[in-house]
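Counting from 1 along the sequence shown, just add 30 to a position and that's the residue number in this note's numbering. Just so you know, even glycine gets a beta-carbon here, dropped at the ideal spot from N, CA and C. Written below as structure tokens is the structure these notes are about.
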Amino acid sequence: MKLQKKQILLVSFMLFSLFFGAGNLIFPPFLGQNAGSQTPLAIASFLITAVALPVLGVIVVAKFDGLEKLARRVNPKFAIVFTILIYLSIGPGLGIPRAASLPFEMAVAPYLPEEANLSLFMLGFSLVFFLIAGWLALTPNKLVERIGKFLTPSLYFYCFCIFNFLLKGNVHVAEPQESYASNPLVKGFLEGYLTMDTIAALNFGLVIATTITGLGISRKSDVMKYTVMTGIFAGLILAGVYLILAYMGMSSSGVFPIQENGAWTLRCIVHQLFGDTGAILLAAIFTLACLTTCVGLITSISQYFSTLTSRLSYRQLVLLIAGFSFVVCNQGLNVILSISVPVLDAIYPISIMLIVLGLCDAKLGHIPFIYPCTIGSVGFISVIYAAENIGLDLGVLSPIFHSLPLYSAGLGWTVIAVLVMVVCILTFRFLPARSEIQS
């Protein structure tokens with residue numbers, strides 16, 4: 031059996047919608063405004079962590095039939111702990127509450143009357159938001175129809191309105207800010223972390239594979255073929271949107287003062303195009319983008335935890351995750367964002383290396399210690415870096431870690447990863463008992 035072109039497009043649009051949350055809307059224009067004339071270099075490396083790696087992550091997870099099976103190549107206990115950590119961080123502990131609170135605090139709260147009770151309005155907004163998200167997630171077999179046929183086209187329409195900037199917006203490119211002037215490639219690469227899409231891909235890979243299987247595709251090779259096709263198509267759409275948003279930010283870098291975040295950058299652009307009515311437009315864009323992402327996250331996380339326990343059904347887990355996320359969401363965006371950076375610093379490098387090793391599994395998977403050695407060393411460096419960033423004093427150990435190439439830039443783990451992989455390959459090649467290990 032083959033999928034029709036229409037079905038391939040719908041699954042591709044669904045994957046794009048799952049990836050494309052409000053964070054994806056605000057980071058590219060913020061990058062463009064701060065990078066200014068260095069935007070081409072910065073956005074090029076941004077696309078690696080924000081598009082290429084997420085697409086590859088979807089493919090790898092689909093290949094291994096889930097994140098846990100991929101992580102088992104490191105260690106069975108690690109697989110359970112890391113998978114739960116990923117699902118909780120990208121889900122009810124961080125990702126879902128952030129996605130729900132962002133459209134309110136960045137696109138709704140600034141336009142409420144000064145005397146308005148923000149906490150009460152946030153309570154009402156998030157309640158409606160999670161009721162809709164939970165309802166959509168209760169029927170995962172209808173996600174393609176509901177997201178692909180309704181929510182995604184609506185999101186495209188609103189984005190198209192903003193992209194009028196390409197025709198009507200004022201263009202004045204400024205010099206880059208200091209952080210981008212010194213090394214735009216590294217800065218852009220690290221900014222891609224903030225989208226959280228590489229981590230999300232470790233969840234969405236199984237969702238896409240399950241969706242394709244639900245459309246009547248049973249052979250593993252065919253499932254992988256269509257996963258690759260839909261992944262590439264969704265990635266191309268995502269990259270196109272990012273390039274346009276980054277251009278909008280770059281073009282306005284000399285028009286507006288540098289804003290405190292991408293939401294304000296986008297708000298300035300919208301106001302230039304549509305005046306005060308842009309508030310409604312921006313609120314709709316943020317809400318739709320975040321809603322599609324939250325639905326995908328609730329679905330994938332509920333599916334995973336339903337395999338760990340028989341005490342809670344899928345429907346009960348959907349309600350539990352949506353309810354817990356509702357509670358966390360109402361703690362406020364600033365609290366959530368203050369937690370996100372160190373968490374991403376710690377787990378993002380591990381996620382990237384799992385994807386890399388999964389892609390190379392056919393050639394390197396026969397080396398029994400390459401997964402645990404590589405992931406263990408990368409995890410150690412990334413956790414140390416995250417701990418330093420939250421103010422933990424390492425004492426005499428700090429100069430040792432800072433002596434690593436690229437460590438201060440947040441990429442010290444890449445050097446360690448390459449070094450450990452090379453050592454593992456050479457050790458295995460010249461190991462006397464190699465034949466016994468292979469057998």
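Cut-off 8 Å between Cβ atoms - residues of its own chain near residue i, not counting five sequence neighbours on either side
{"i": "A211", "result": "Q68, E205"}
{"i": "I116", "result": "L97, I229, L232, N233, I377, S381"}
{"i": "L142", "result": "L148, F151"}
Residue burial classification, residue i (beta-carbon count within 10 angstroms, cutoff 16)
{"i": "V158", "result": "exposed"}
{"i": "Q34", "result": "exposed"}
{"i": "C359", "result": "buried"}
{"i": "D227", "result": "buried"}
{"i": "L161", "result": "exposed"}
{"i": "K217", "result": "buried"}
{"i": "F410", "result": "exposed"}
{"i": "T257", "result": "buried"}
{"i": "D306", "result": "exposed"}
{"i": "I89", "result": "buried"}
{"i": "G292", "result": "buried"}
{"i": "G353", "result": "exposed"}
{"i": "G244", "result": "exposed"}
{"i": "E221", "result": "buried"}
{"i": "S283", "result": "buried"}
{"i": "W294", "result": "buried"}
{"i": "I288", "result": "exposed"}
6 Å Cβ shell around residue i - same chain, five flanking residues per side excluded
{"i": "F94", "result": "L100"}
{"i": "V81", "result": "G265, L268, A269"}
{"i": "A167", "result": "V325, I328, T329, V348"}
{"i": "G388", "result": "V90, L100"}
{"i": "S42", "result": "T260, F263, A264"}
{"i": "S75", "result": "L215, G218, F219"}
{"i": "M451", "result": "T404"}
DSSP-derived helix/strand/coil call for residue i
{"i": "T444", "result": "helix"}
{"i": "R249", "result": "coil"}
{"i": "I414", "result": "helix"}
{"i": "T169", "result": "coil"}
{"i": "T79", "result": "helix"}
{"i": "V237", "result": "helix"}
{"i": "H396", "result": "coil"}
{"i": "I420", "result": "coil"}
{"i": "Q346", "result": "helix"}
{"i": "I288", "result": "coil"}
{"i": "V85", "result": "helix"}
{"i": "A204", "result": "coil"}
{"i": "F50", "result": "coil"}
{"i": "A319", "result": "helix"}
{"i": "Q37", "result": "helix"}
{"i": "P435", "result": "coil"}
{"i": "N213", "result": "coil"}
{"i": "S67", "result": "helix"}
{"i": "T339", "result": "coil"}
{"i": "C298", "result": "helix"}
{"i": "M44", "result": "helix"}
{"i": "L268", "result": "helix"}
{"i": "M254", "result": "helix"}
{"i": "M226", "result": "coil"}
{"i": "V426", "result": "coil"}
{"i": "S469", "result": "Unreliable positioning characterises S469 in this predicted model, as indicated by a pLDDT of 46, which lies under 50. The coordinate reading is nonetheless provided below. S469 falls in the coil class under three-state DSSP."}
Option nearest residue i by Cα separation, candidates the options
{"i": "S407", "options": "S355, I56, P379", "result": "P379"}
{"i": "L83", "options": "L268, G284, L312", "result": "L268"}
{"i": "E418", "options": "F458, A447, V448, V373", "result": "V373"}
{"i": "G395", "options": "P143, R102, V88", "result": "R102"}
{"i": "F316", "options": "N54, M44, K36", "result": "N54"}
{"i": "L441", "options": "P106, K255, S370, L215", "result": "L215"}
{"i": "V138", "options": "K36, L389, S156", "result": "S156"}
{"i": "Q361", "options": "F46, G425, L132", "result": "L132"}
{"i": "K172", "options": "L124, N105, V237", "result": "V237"}
{"i": "Y223", "options": "I78, G388, G121", "result": "I78"}
{"i": "F60", "options": "I385, L311, F43, Y272", "result": "Y272"}
{"i": "M383", "options": "T444, L296, P127", "result": "T444"}
{"i": "S412", "options": "L153, I446, Y141", "result": "I446"}
{"i": "I420", "options": "L461, D375, P435", "result": "D375"}
{"i": "S119", "options": "L422, V371, L296", "result": "V371"}
{"i": "G123", "options": "F356, I385, H432, C390", "result": "F356"}
{"i": "A109", "options": "L153, L45, P402", "result": "P402"}
{"i": "T322", "options": "L342, A129, A72", "result": "A129"}
{"i": "C390", "options": "I73, P58, L86", "result": "L86"}
{"i": "L338", "options": "I369, V111, S47, I430", "result": "V111"}
Residues near residue i in its chain [Cβ-Cβ closer than 7 Å; skip 5 each side]
{"i": "L347", "result": "S332, F335, S336"}
{"i": "Y344", "result": "S332, Q333, S336"}
{"i": "K393", "result": "none"}
{"i": "I247", "result": "M31, L33, V253, Y256"}
- Item | Complete runs of the alpha helix (DSSP H) confined to the stretch 91–179 [at least 4 residues] | Counting whole runs of 4 or more residues, the stretch 91–179 contains the alpha helix (DSSP H) stretches 97–101, 106–120, 125–137, 148–167, 173–176.
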